[in-house]
Structures are given as structure tokens and as C-alpha cells.
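Enquirer:
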Amino acid sequence: MGLNRRDFLKLTAAGAAGAAVAGDAAALQRPPLEMPPEAVGMLYDSTLCIGCKACMVACKQANNMPPDFRVPENTTWDQPLDIDGKTLNIIKVYRQGTAEVKDRETDGFAFVKRHCLHCVDPSCISVCPVSAMTKDPLTGIVEHHEDRCIGCRYCVYGCPFSVPKYEFDDPLGQIQKCEFCVHLQAKGLTPACCDVCPTGATLFGKVSDLKEEAKRRLAAKPGDVYVFPRGNLDENRPTHEATIPSYLQRLYGDKELGGTQVLYLSAVPFDKLGLPDNVPDYGYATISEGIQHTLYQWMIAPAAVLAGLLYVVRRNTQKDAEHSGRDES
Amino acid sequence: MSEHVPVGGRLITKPFTILILLAMLAFAILVARFLFGLGSVTAMSDGYPWGIWIVIDVMIGTAFGCAGYSVALLVYVMNKGEYHPLVRPAVMAGLFGYTLGGIAVMIDLGRYWQFWTLLWPGYVNLNSVMLEVAWCVMAYIVVLWIEFTPAFLERLGMKNLKQKLSKLLFLFIAVGVLLPTMHQSSLGTLATAVGFKISPLWQTQMVPLLFLLSAVVMGYAIVPFESILSALGLKRPFETKLLGKLSAAMLVVLIAYLVVRVIDLTWRGAWGYAFELNTQAIMFWVEMALFVAPVLMLMSPKNIYNPRLQFLSGFSLLLAGSVYRINTYIIGYDAGPGWSYFPSAGEIMVTVGVFSFEVILYLFFVKKLPVLHRAEAH
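Here is the structure:
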């Protein structure tokens, strides 16, 4: 299937915009990675989320994570402020002005679910010197392996979504991040957060199916009644009927930073929800690896430089040795 | 007889005692770090997971350690034999800068006991710039110790062994020029994977070249800085003429750095960020001023042989390269709303202790080992 002219122009424009945003010509860049063949993911629809935090409770239970008691001290309930060493998944809220109306930018509020987006071309995997971050070649789930991690925290520093977190208060601390309940998926179960979501705001499925679902929602007319699937797209679960909100016509994660397997729909701008906007269509690893592999491809350049150095230094030190030999005799 | 001699003199002086106390304080703080975790001692957080232990102790420490590299470039690659008296002290500066940088890494690593995985074939990730840095720095530390071995052998009177080593030394000198070229540039490449989190004032594909050039400049800059301080402190004659020539070489690399920096900022259209009213813009101008001032100081042939200006320009460039690295990785880094970082007292005292330990080693080595050139040779 060939591209028609219109699609081609769109692609070119998107590419140019991406390059302009990156602010460089991206001369040394490796090709971006492709979506894995059986990629699974999540569609989070901010407009459906009611902020009940059932997903947070289920996440802690499924992953055996400790509660986080904060301000005021001695609270009796789990009260994380953000994802960190104790919390892999969190519902946060955007508030503006009087915060009266849900999913409105001014004087409104909106929920957002934050955790690993399972990038198609993840920076954390590229930067890790010891392959402690891996991406499943089939499902695309990004996992962390603390048994080989050296704790350099380059993944924490480099992740464009600031997802991996380190346990700074533990002398034997480790990196913590959402692994999409890979242990549950291995048993054919649904990731805990998607499993318990009462409204279908957090939906599990194949990335391709989720994108279809998202496009249907974006195409529907605001105000129309729509049947929202719940939990797991591959299962026949009870649905949730509601009206279509005024979505922003954008599926976040479709292209951003090379694409992510966790996708977002929202009625308020994504940067208000804490998701980086104005990002290129490629992951930054394409640039760092582009530079690294141009300089070090098969170690040809270093070998050539070394050969030259050996020749020059040998010649220059021989003269030197004769010199000092004469001095010493 | 060798051309290098130990300076001799009393080792335990008042400044030396203060340095020992500072190093011991750092050691005590580190006990807490290993017992209670990085968060108990440092101001690092999930927003700012890299603090001064990485950026100052490792990135700036090793750039100071480029003395051995920069001088070797002059003596062995450009074949300027007259700089030979500077080689051994420069190699020693490199030895300490890199060895302590390596120790600082172990202090900073959150899971230091798994350090061996960096060498495990099943685990290594060849896409990782960090891996290149780690291997290359480890190798260079070994090379520096070998390059410095003749000083030990002379002290121990092992002439035969020294003769044998000197035949092979060219191998290590060549590798010792290659390795810093690789990892000092890679220390810059590390930034490119971070993307928009680093301000366009510092985020560029040119960052490997800029880090390399500024490291060479810092390698030269530390020579007059150290030479003049030890001339004053150890009551030795100034090496004014030699340092003047070295400053000229430094000036050439410095101008190359500034040309690349300015063209890159212009090419990317990043100058706008320099005129905003924020810390990043202010620190950008501080950095640029520190780089440009020495150009003005050294431009005339008369000034270049003035020990005061040699010292000042060297000092300014050491600061410039340091601020450039801090700007790239800390000031220019935007962790998002709600995060901030300023090093804690404990964190600062560990860094102070690491550098104190470096000076302790320097004093011990120059007084006890044949490092500095025979004074009357000039």
C-alpha cells in the first residue's frame, strides 16, 4: 500500500516539526525502533477516570509495595504524592482556578494516571550499561532487573517521563518502576490497575486494538452515547455506557518520542497533566546511539587513531630514550 | 642520575594536617552514607538523581586529570620535547584525578556491590554511552598507574626493570592518549540521551566535541595552576618560560572550543535562551565569561610570560570547564515542577574531602618520589 500525496505531506510536516522541536539537524541518528509484533498496552481515558484510586490500591497489592504515610504524620492511609520507590502507579489531579468542572482547562480539573509508558524506543534501556532494563521482544513490556543493576540512576536521570525511581533512603536501595504486572500477564491475567478500574478509564489490550478503540472515541460526536469497554479488550467484560466528552483530537503516545504502549486520551491539554508536550517523534536514544555507533562502529575509528598514535609516539619516544640514555651515561 | 628528584622536606605541616582532618570528616560522612543510604547524606532525589558527586568528583575531577593527556599530546604527539619536564607531574595529576574519580563513582553508585556486572559479557549493553565511559575510565586508570611506574622504580633503584619498561612505555602512552579522547567526549554524549530535560543552551549533538575540547583546555590549565602553587608553596623557581609556551597551546584549543560553541548556539538558534531572566541564563554568562576572560588575558605575547596572568588564566579556565559541566548536568537540567537541588553540607564535605585527599597524595608523592624536575635545570 503506497502513501498518497496528502499522507506524504502530513508525514513530512510532522517530521519537520519534530526536527524543529529537537532544535538540531539530528545528523547522527540511528533509525527508530518499531512497535513489537504482539505489543500489549493500556489506554487511559482521563475523561472516564473518576479518581477513585482503586487502581493504586490494586497495584500495591499485586506488586507487594509498601504504603506511604505522609503529611500530616501518622496518617492511617496510603498517601503517596507521586510515583517513587514505594508507589508504581498514581492518580494525580490537574486543578485550575475554582476547579468546578471536570475535564475543563479553566476553572476545572482533570485526572491523570502516571507510571511507566513502556516506550517503543525507551531511553532507559539504551542508557543502562548493564542491561538492567529490558524490553520484551514480543509484548514490548519494559522490565527492570535489580539483580544486575549498579544503581547509577542514569535511567532516572534520562527518562523523558521521569518514571524510574530509586530508593534513596535504603542503603541497599533499588530502582522501582511499573512492569505492567508482567507476573500476572504470565498467568493469563489482566494487569491489576486495568482489572479493577470501574469505568474503563484504564483499559488493557493489544496496542493495535487500543489504537482502534481510541480512534473510534475521537471520531464519535461529543454528547453521543458510547459503550465503553472495561478491564480487558480481549475479554467479554460488562461495559460502561456514557456520553462522549469533548476530547482533544490527539492520541498521546501514538507518535510522541517514538511512540509508547500506554496511550492517553484527554479533554485538557496533555502538558497540563504533566505529560511532556512539544516532543519530537523519535526517542532521544536514537541520537545518543547515533553518535556512539558512528564513532565506535566495529571500533574502526579508535583502532585507526590508536595505530596512528602508536606510530607517532614510538618515533617520538625513541628520540627521547636516546636522549636520556646519553644523559645518563 | 635521573632528571627528576623528590622535593624532600617535612611532610606533616599545618596545611597537611588540615587536609587530613577534612579527608577524615569525609570518611565519617561516608560511613553514614553506606549505613543509611544515599538519601541520608545527600540532597539527591528522584528529580535530581545526579548530584555533585558525579558532576564534580567524577566529571570535573577527571577533566582536571586531563593534565597527563593534554601534556602527552604536546610532548609525544606534537613532538615538543621541551615540555618534557612537565610530563611526570602532569601524569601524576591525571593519576590522582582519575583514581579518585573512580573511587567517587563507587561512593555514588546505589548498588556498588554489583559493579562487576559492567564486565559481565551477558549483561553489557553496547548501546550505552555509560558503558563506554565506565570501561574507558577503568582502562585509563590502569594505564596511568603504568605510565607513572618509572617514578616508583627510580625511587626503589630498580634500574633494569625501568629500562625494560621504558622500551614498552610508548604503547601505554599511545593508549593513554586514545582513552581520554574517547571517554572525555563520551562524558558529554551522556547528555544527548536526556533530550528536552537539558536546556538548549547545553543540549546539542556537538556536546561530545565541546566536552573533549574543554577537557583538553582544563588539562593544560591545571599545569600552570599547579606549577605556580607548588613553586610558591615548596619554594621552587617559577617555570615561567615553559608555562608561557604551554599557555599559547592552551589558547589555541580554547579558541577552537569557543568557535565551536558559538557556531553551535547560533546554528541551533539557541541564543534566545541566554537572554531570559533565570538562573540558567545567568549561569550561561558566568560560564562564557570565565572561558573568554583568559583569551583577553593571554592575547598579547608579553602577558603570556607573566606568571600572575598564567596563573589567573589557568584558574579561570578550571572554573570555566567546571561551571560548563555543572551547567550541562545540573543547572541546565529541568526535573519538572516541584523538584530542586542544592548539595547538602554532607555532600559538599565529601567532595571537599575527595579533593583534599588528592592534595595529600600530591604532597606525599612530590616530597617522597622523583616527580618534579630538578630545579636547577631551568
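So the sequences go chain by chain: Z and C. Note that the first sequence covers residues 1 to 329 in this note's numbering. Note that the second sequence covers residues 1001 to 1378 in this note's numbering. Backbone N, C-alpha and C fix where the C-beta goes; we use that ideal spot for every residue, glycine too. Here the structure is a predicted model, which means the values were calculated and not measured.
Does any residue of chain C bring its CB to less than 8 Å from the CB of GLY158 (chain Z)?
Expert: Yes, contact with chain C.
Enquirer: Let me know if GLU38 (chain Z) comes out buried or exposed under the rule of 16 or more other beta-carbons within 10 Å of its beta-carbon.
Expert: Exposed is the call here.
Enquirer: Measuring only the C-alpha atoms, how far is LYS255 (chain Z) from TYR1098 (chain C)?
Expert: Approximately 42 Å between the Cα atoms of the pair.
Enquirer: Check ALA27 (chain Z) in the structure and name its three-state DSSP category.
Expert: DSSP places ALA27 (chain Z) in coil when its eight states are reduced to three.
Enquirer: Looking at the unbroken beta strand (DSSP E) that takes in GLY258 (chain Z), where does it start and where does it end?
Expert: No beta strand (DSSP E) contains GLY258 (chain Z), which DSSP labels as neither H nor E.
Enquirer: Work out the CA separation of PRO1200 (chain C) and ILE1334 (chain C) for me, nearest whole Å.
Expert: Before going on, a small fix: residue 1334 (chain C) reads as Asp here, not Ile. If you take the alpha carbons of ASP1334 (chain C) and PRO1200 (chain C), they lie about 11 Å apart.
Enquirer: Count the C-beta pairs between the region 145-164 of chain Z and the region 1171-1188 of chain C that are closer than 8 Å, then say yes if the count reaches three, no if not.
Expert: Taking 8 Å as the limit for Cβ pairs, the verdict is that the region 1171-1188 of chain C does not touch the region 145-164 of chain Z.
Enquirer: Roughly how many angstroms lie between the CA atoms of ILE1054 (chain C) and PHE228 (chain Z), to the nearest whole one?
Expert: ILE1054 (chain C) and PHE228 (chain Z): Cα-Cα distance of roughly 49 Å.
Enquirer: Can you list, in chain order, the residues of its chain whose CB lies under 6 Å from that of ILE1060 (chain C), leaving out five sequence neighbours each side?
Expert: Within the same chain, ILE1060 (chain C) has close Cβ partners SER1322 and ARG1325.
Enquirer: Does any C-beta atom of chain C lie closer than 8 Å to the C-beta of THR317 (chain Z)?
Expert: Chain C contact via Cβ: present.
Enquirer: Runs of 3 residues minimum, wholly inside the region 99-160 of chain Z: which ones carry the beta strand (DSSP E) assignment?
Expert: Qualifying beta strand (DSSP E) stretches, in chain order: 108-114, 133-135 and 142-144.
Enquirer: Mark SER246 (chain Z) as exposed unless 16 or more other C-beta atoms lie within 10 angstroms of its C-beta, in which case mark it buried.
Expert: Exposed, because fewer than 16 other Cβ atoms sit within 10 Å of the Cβ of SER246 (chain Z).
Enquirer: Suppose you measure from the CA of LEU295 (chain Z) to the CA of LYS187 (chain Z); what does that come to, to the nearest Å?
Expert: Their Cα atoms are separated by approximately 44 Å.
Enquirer: Could one say the Cβ of MET1130 (chain C) lies closer than 8 Å to chain Z's Cβ atoms, at least one of them?
Expert: It does: the Cβ of MET1130 (chain C) has a partner Cβ on chain Z nearer than 8 Å.
Enquirer: Since ILE1141 (chain C) and VAL313 (chain Z) are thought to touch, with beta carbons under 8 Å apart, how far apart are those beta carbons, to the nearest angstrom?
Expert: Contact flag wrong, Cβ pair sits at about 20 Å.
Enquirer: Need the endpoints of the beta strand (DSSP E) that ALA242 (chain Z) sits in, please.
Expert: 240-243 is the extent of the beta strand (DSSP E) around ALA242 (chain Z).
Enquirer: Could you check if PHE1064 (chain C) belongs to the surroundings of the ligand FMN, using beta carbon to heavy atom distance under 7 Å?
Expert: The ligand content of the structure shown is nil, which means the ligand FMN is not present either.
Enquirer: Where does ILE1012 (chain C) fall in DSSP's three states?
Expert: Three-state result, ILE1012 (chain C): coil.
Enquirer: What residues of chain Z sit near ASP1046 (chain C), judged by a beta carbon separation below 7 Å?
Expert: Ordered by position in chain Z, the residues that pass the 7 Å Cβ test against ASP1046 (chain C) are ASP84, VAL156, LYS165 and TYR166.
Enquirer: Does the region 105-119 of chain Z come into contact with the region 46-58 of chain Z, if we say contact requires no fewer than three beta-carbon pairs (one atom in each stretch) closer than 8 Å?
Expert: Because the criterion of three Cβ pairs below 8 Å is met, the region 105-119 of chain Z and the region 46-58 of chain Z touch.
Enquirer: Based on Cα-Cα distance, which residue from Z:VAL279, Z:ALA62 and Z:LEU81 lies nearest to ASP68 (chain Z)?
Expert: Comparing Cα-Cα distances from ASP68 (chain Z) to each of Z:VAL279, Z:ALA62 and Z:LEU81, the minimum goes to Z:LEU81.
Enquirer: Going by the CB atoms, is the gap between ILE150 (chain Z) and GLY1117 (chain C) shorter than 8 Å?
Expert: The residue asked about is misnamed: residue 1117 (chain C) is Thr in this sequence, not Gly. Going by C-beta atoms, THR1117 (chain C) is nearer than 8 Å to ILE150 (chain Z).
Enquirer: Examine chain Z for any beta-carbon lying closer than 8 Å to the beta-carbon of TYR1257 (chain C), and answer yes or no.
Expert: So, not an interface residue.
Enquirer: Would a check of beta-carbon distances place CYS119 (chain Z) closer than 8 Å to chain C?
Expert: Taking Cβ atoms only, chain C never reaches closer than 8 Å to CYS119 (chain Z), which makes this a no.
Enquirer: For the alpha helix (DSSP H) that ILE1146 (chain C) lies in, which residues bound it at each end?
Expert: Segment 1129-1155, the alpha helix (DSSP H) holding ILE1146 (chain C).
Enquirer: If you follow the beta strand (DSSP E) that LYS206 (chain Z) is in, where does it begin and where does it stop?
Expert: Start and end: 202-206.
Enquirer: Can you grab the Cα-Cα spacing for the pair LEU263 (chain Z) / LEU117 (chain Z), in whole Å?
Expert: Answer to the nearest angstrom: the Cα atoms are 8 Å apart.
Enquirer: Can you tell me where the beta strand (DSSP E) holding ASP45 (chain Z) begins and where it ends?
Expert: Looking at the DSSP string, the run of the beta strand (DSSP E) that includes ASP45 (chain Z) is 40-45.
Enquirer: Give the secondary structure of ASP82 (chain Z) by DSSP, where H, G and I count as helix, E and B as strand, and everything else as coil.
Expert: In the structure shown, ASP82 (chain Z) sits in coil (DSSP, three-state: anything other than H, G, I, E or B).
Enquirer: Do we get a CB-CB distance below 8 Å when we pair LEU273 (chain Z) with the residues of chain C?
Expert: Chain C contact via Cβ: absent.
Enquirer: Roughly how many whole angstroms lie between the Cα atoms of LEU1234 (chain C) and VAL1223 (chain C)?
Expert: So the alpha carbons of these two residues sit roughly 16 Å apart.
Enquirer: What is the C-beta distance between PHE1225 (chain C) and GLY1314 (chain C), in whole angstroms, given that I count them as a contact (C-beta under 8 Å)?
Expert: Contact flag correct, Cβ pair sits at about 4 Å.
Enquirer: I'd like the span of the beta strand (DSSP E) that includes PHE228 (chain Z), first residue to last.
Expert: Note, PHE228 (chain Z): beta strand (DSSP E), 225-228.
Enquirer: Any beta-carbon of chain C closer than 8 Å to the one on VAL305 (chain Z)?
Expert: It does; some Cβ of chain C falls within 8 Å.
Enquirer: Around the Cβ of GLU1276 (chain C), are there at least 16 other Cβ atoms within 10 angstroms (buried) or fewer (exposed)?
Expert: With fewer than 16 other Cβ atoms within 10 Å, it is exposed.
Enquirer: According to DSSP, is VAL1007 (chain C) helix, strand or coil?
Expert: It is coil, neither helix nor strand.
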